[in-house]
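Numbering (full-length UniProt numbering), first residue to last: 1 to 955.
The structure under discussion appears below in the form of structure tokens.
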């Protein structure tokens, strides 16, 4: 070849698929997709209405869990779920669906506020900068989002509707008879006309405005109350139960959390406990997540029982074992219980055991000291199984309603106000915690359930309580009732009926779930649309005054305290802005002075309903157009409660975001604002991308990228370091950014690698060295279509050979099913196998094969697919092409291998039709020369045929 015909190195490089070419292709097609609105999903009506033919297709609403725009930007672990939903959305679009796939930003919350406090930068400024940076990173990945629908929770036009929803909840009550929420105005009307009795016995007209507000506060689904809350001095705010870790510290910051009584806003989520439980059955969620929600809601059946305490009235307990009432030998109140102060006498009763007094001179001194001690402990610490049981006698006695026995009343920190009634009847013979307490305080232990483990009913020799539901009652007879000889189930029914007949108890259901604490003492959150009159009565703002925007302030920080200062009280940033707090408003009865609520909503508020805003993001007149909501989220076959078709995110949100969002959805459904009673029909939890981290001799993390591996060890700057496996993140100095991988290989390679690493729902280790494997796959794909020397397309217009068709259609059938099932790693494996086979064939690809190969890879690597599709002569985007359909004739193998065994040993392998009958297969097997030789004339006793793959001959 002459020198003039030899391509220059630069020219040859120009036609090779390199990182530089990938960057050019990807940026160019991203611009085209944006300009042409390639990923815009039409609504059936409204300002986003589009092509009726597209709307007529089956719809698919696909969502990722809300990202928080961190200043650190993305590392390669973050987009795992985003790439997965993008691949699935692209596949669904190519299989004939109208796909809604977009992404917004959950932008209120503590990190931005803390950054503002540290730097003096307004949290909106830093948050919006973080959002823009994240948008650039996500765009580079080629994610097919409908950008018209994106928003951030900090946008006033968004949180206007968050505030509006709060007011719907505030202006509602739960009608337990109807089993749904109703407007509070209907309850007021019932009080006014006398069809519903006003609590307290007075008429509605006799109550003052403040008294009416107090009555309604006991019914509203959003209400203010003075109640024990989780106070975190180190953060200067209160926390929901779900935001406190198992060891009693704040989930964010790891500060101690204490119980403190404060006035706070709450959501009456407990009213929906049964529905939240029951509706789980119809959701397509991982069973592990359903179990976590069931356990968190914690439904238990039992009875409420009243124990009389003289002039102080009665202590009501909830117990799941009313059958053991005869074994109750003492009672315990939570230290915070409201009856504690009223039951405490002036002096210790005569004969009080010295162990019970704590060494104090009077019951009041003992109780006061113990309550202070308990207030410094978290709920988790108080309930720790291994800790010593502590408590103190109140000096009071209660009457056991079945035996008439006087039993001492203690306070102890192992009883919490957050469960049941905050009081227990203690049956130490049959409850381990009660048993330990009784032993420590030398209290009676009476057996009332006959042990089945060989020990007798004399508890003096017992080492622990006997707990069983499969035993009979003993020592349980009193006036008018005997449970002796009954099983536990029968005894529970009998005693419950007896208690109800005497008006001292009733069968009831209890829940572990507590109402949702909804106030935060922060600046960077949604303001409450509530003002208070000079009489202290709360008033909701009218819709015309929404959004109530956050004011500009100079000091964003709440007042924080020493982490261990349990006696401190909150002071909010908004409370220091007097010009904003004190206002004159006309709420319909003339201009008056009011004081605004100075707490803000928790960061969960904005993510409780964002799926609805995606549907109708520019609607300024309504939360969502009913027709649009019905189209995308309404009930349908297989999804009786409606909801998003696929929701992908981390399992860590099982009882926070998911439970809260379900509650909001049900309230909006009850009030007629939406047709979907559940927000997310199908939930998929992706795994985590992990990475190696390295620590030096001091235990300090060193940059993973600077660590060398040699001689079986790891070294940083010549010094040995220790390797560990865990999360990827900035703090561990092992984060790899998607920008780095895109620079070196291109976004399509990154997408393929993350999807090929393993099953989507399991965690997997990141290995930058392995990324090159997917890069080479794309290079081979490119060479199968494009000549690297000339840039010309190399396909031919010819009919493919049968072996090519079989390989192609098997890949189409397998990879298509895998993509529909979120099995992207196995889909990539099948595509790789096909591409390798086509490469090894060593001949130009037929056009029909090349086009279907490009369509097959399009959901996974959309940029290179779009480029090749257009080079193959197409003018329309590959995004909206039909996914190839496998021909069944080529998917089924022509033959399969049948193994023939004689005496358990393989003696022949037969190539047979997959449809061969058992009789024909048996005939082939017994006449095969190898089998005949193996038989050696022996008599055949039995032939076991498993067509088409196995014949077993017994002689």
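Ideal Cβ positions, reconstructed from N, Cα and C, are used throughout, including at glycine.
For this session: Would you mind sorting residue 603 into buried or exposed? The rule is 16 or more other CB atoms within 10 Å of its CB.
Result: Start at 1 with the first residue of the chain shown, and residue 603 comes out as number 603. Result: buried.
Problem set entry | Minimum length 4: unbroken alpha helix (DSSP H) runs contained in the region 597 to 682 | 610 to 615, 626 to 633 and 657 to 670
For this session: Identify, in the order they occur along the chain, each residue of the same chain with its Cβ nearer than 8 Å to the Cβ of residue 949, setting aside the five sequence neighbours on each side.
Result: As a working note, residue 949 is residue 949 in the chain shown. Closer than 8 Å at Cβ, skipping near neighbours: 896, 897, 898 and 899.
Problem set entry | residue 235 beta carbon less than 8 Å from that of residue 253 | Against the chain shown, residue 253 aligns to sequence position 253. Against the chain shown, residue 235 aligns to sequence position 235. In contact: residue 253 and residue 235 (Cβ atoms closer than 8 Å).
Problem set entry | DSSP three-state assignment for residue 778, whether helix, strand or coil | Indexing the chain shown from 1 puts residue 778 at position 778. Three-state DSSP puts residue 778 in a helix.
Exercise. Would you report the Cα separation of residue 163 and residue 613, rounded to the nearest angstrom?
Worked result: Residue 163 sits at position 163 when you count from the first residue of the chain shown. Residue 613 sits at position 613 when you count from the first residue of the chain shown. So the alpha carbons of these two residues sit roughly 14 Å apart.
Exercise. Between 15, 872, 357 and 666, which lies nearest to residue 174 when the distance is taken from Cα to Cα?
Worked result: Residue numbering aside, residue 174 sits at position 174 when the chain shown is read from its first letter. Measuring from the Cα of residue 174, the nearest candidate turns out to be 666.
Exercise. Do the CB positions of residue 609 and residue 59 come within less than 8 Å of each other?
Worked result: The residue you call residue 609 lines up with position 609 of the chain shown. The residue you call residue 59 lines up with position 59 of the chain shown. Not closer than 8 Å, so no.
For this session: Please report how far the alpha carbon of residue 251 lies from the alpha carbon of residue 811, in whole angstroms.
Result: On the chain shown, position 251 is the one that residue 251 refers to. On the chain shown, position 811 is the one that residue 811 refers to. Rounded to whole angstroms, residue 251 to residue 811 spans 46 Å at the Cα level.
Exercise. Looking at the unbroken beta strand (DSSP E) that takes in residue 280, where does it start and where does it end?
Worked result: Here residue 280 refers to the residue found at position 280 when the chain shown is read from its first residue. Segment: none, residue 280 is in no beta strand (DSSP E) and carries neither H nor E.
Exercise. Would residue 6 be called buried (16 or more neighbouring beta carbons within 10 Å of its own) or exposed?
Worked result: What you label residue 6 is simply residue 6 of the chain shown in a count that begins at 1. Annotation note: pLDDT 43 at residue 6 (below 50); position unreliable, no value reported.
Problem set entry | residue 946 versus residue 924: straight-line alpha-carbon distance, rounded | Within the chain shown, residue 946 is the residue found at index 946, counting from 1. Within the chain shown, residue 924 is the residue found at index 924, counting from 1. Approximately 13 Å between the Cα atoms of the pair.
For this session: Rounded to whole angstroms, what's the CA-CA distance from residue 740 to residue 685? Just pull it up for me.
Result: Numbered from 1 along the chain shown, position 740 holds the residue referred to as residue 740. Numbered from 1 along the chain shown, position 685 holds the residue referred to as residue 685. One C-alpha to the other measures close to 26 Å.
Exercise. Can you pull the DSSP bridge partners for residue 266?
Worked result: What you label residue 266 is simply residue 266 of the chain shown in a count that begins at 1. DSSP, once it has assigned bridges, lists 223 and 517 as partnering residue 266.
For this session: Using DSSP bridges, identify the partner residues of residue 540.
Result: Position 540 of the chain shown, counted from the first residue, corresponds to residue 540. According to DSSP, residue 540 bridges with 530.
Exercise. Below 8 Å between beta carbons: does that hold for residue 628 and residue 43?
Worked result: The sequence position of residue 628 within the chain shown is 628, counting from 1. The sequence position of residue 43 within the chain shown is 43, counting from 1. With contacts defined as CB atoms closer than 8 Å, residue 628 and residue 43 qualify as a contacting pair.
Problem set entry | N-terminal and C-terminal residue of the alpha helix (DSSP H) that residue 839 is part of | The residue labelled residue 839 in the question sits at position 839 within the chain shown. Residue 839 -> alpha helix (DSSP H) spans 824 to 840.
Exercise. In chain order, what residues of the same chain have a beta carbon less than 6 Å from the beta carbon of residue 723, not counting five sequence neighbours either side?
Worked result: Position 723 of the chain shown holds residue 723. Hits under 6 Å: 692, 694 and 714.
Exercise. In this structure, does DSSP put residue 549 in helix, strand or coil?
Worked result: One-based indexing of the chain shown puts residue 549 at position 549. Note: residue 549 maps to coil in three-state DSSP.
Problem set entry | Residues that residue 175 bridges to, as DSSP identifies them | Numbered from 1 along the chain shown, position 175 holds the residue referred to as residue 175. Partner(s): 180.
Exercise. Over what stretch of residues does the beta strand (DSSP E) that includes residue 407 continue unbroken?
Worked result: Locating residue 407 in the chain shown gives position 407, counting from the first residue. Secondary structure note for residue 407: its beta strand (DSSP E) is the uninterrupted segment 406 to 411.
Exercise. Is the region 109 to 118 touching the region 517 to 533, taking contact as three or more C-beta pairs under 8 Å?
Worked result: yes
Problem set entry | Secondary structure, alpha helix (DSSP H): runs of 4+ residues fully inside the region 434 to 512 | 488 to 501
Exercise. Which of the three DSSP states, helix, strand or coil, is assigned to residue 751?
Worked result: Indexing the chain shown from 1 puts residue 751 at position 751. It is helical.
For this session: Find out if the Cβ-Cβ distance for the pair residue 748, residue 94 is shorter than 8 Å.
Result: On the chain shown, position 748 is the one that residue 748 refers to. On the chain shown, position 94 is the one that residue 94 refers to. No, they are not a contact pair.
Problem set entry | Simplified DSSP assignment, three categories, for residue 185 | The count along the chain shown starts at 1 and reaches residue 185 at position 185. Helix at residue 185.
For this session: Hey, could you find the ends of the alpha helix (DSSP H) residue 365 is sitting in?
Result: As a first step, residue 365 must be located in the chain shown, where it is residue number 365. Taken as a continuous stretch (DSSP letters only), the alpha helix (DSSP H) holding residue 365 covers 363 to 375.
Exercise. Does the distance from the CB of residue 357 to the CB of residue 366 come in under 8 Å?
Worked result: As a first step, residue 357 must be located in the chain shown, where it is residue number 357. As a first step, residue 366 must be located in the chain shown, where it is residue number 366. With contacts defined as CB atoms closer than 8 Å, residue 357 and residue 366 qualify as a contacting pair.
For this session: Would you list the one or two residues that DSSP bridges to residue 769?
Result: Taking the chain shown and counting its residues from 1, one reaches residue 769 at position 769. Answer is none; residue 769 lacks a bridge partner.
Exercise. Taking the Cβ atom as the reference point for each residue, do residue 687 and residue 762 lie within a distance shorter than 8 Å?
Worked result: Within the chain shown, numbered from 1, the residue matching residue 687 stands at position 687. Within the chain shown, numbered from 1, the residue matching residue 762 stands at position 762. Contact flag set, yes.
Exercise. Is the region 392 to 403 in contact with the region 333 to 346, if contact means three or more CB pairs nearer than 8 Å?
Worked result: yes
Problem set entry | residue 896 - containing beta strand (DSSP E), residue span | As a working note, residue 896 is residue 896 in the chain shown. Here the beta strand (DSSP E) through residue 896 covers 896 to 902.
Problem set entry | Bridge partners - residue 195, DSSP secondary structure assignment | As a working mapping, residue 195 is identified with position 195 in the chain shown. Answer is none; residue 195 lacks a bridge partner.
Exercise. With distances taken between CB atoms, is the gap from residue 642 to residue 681 smaller than 8 Å?
Worked result: Sequence index remark: in the chain shown, residue 642 carries index 642 (1-based). Sequence index remark: in the chain shown, residue 681 carries index 681 (1-based). Against a cut-off of 8 Å, the Cβ pair of residue 681 and residue 642 comes out as a contact.
Exercise. For residue 730, which three-state DSSP category applies?
Worked result: Taking the chain shown and counting its residues from 1, one reaches residue 730 at position 730. Residue 730: coil per DSSP, three-state reduction.
Exercise. Between the region 727 to 736 and the region 121 to 135, are three or more C-beta pairs nearer than 8 Å?
Worked result: no
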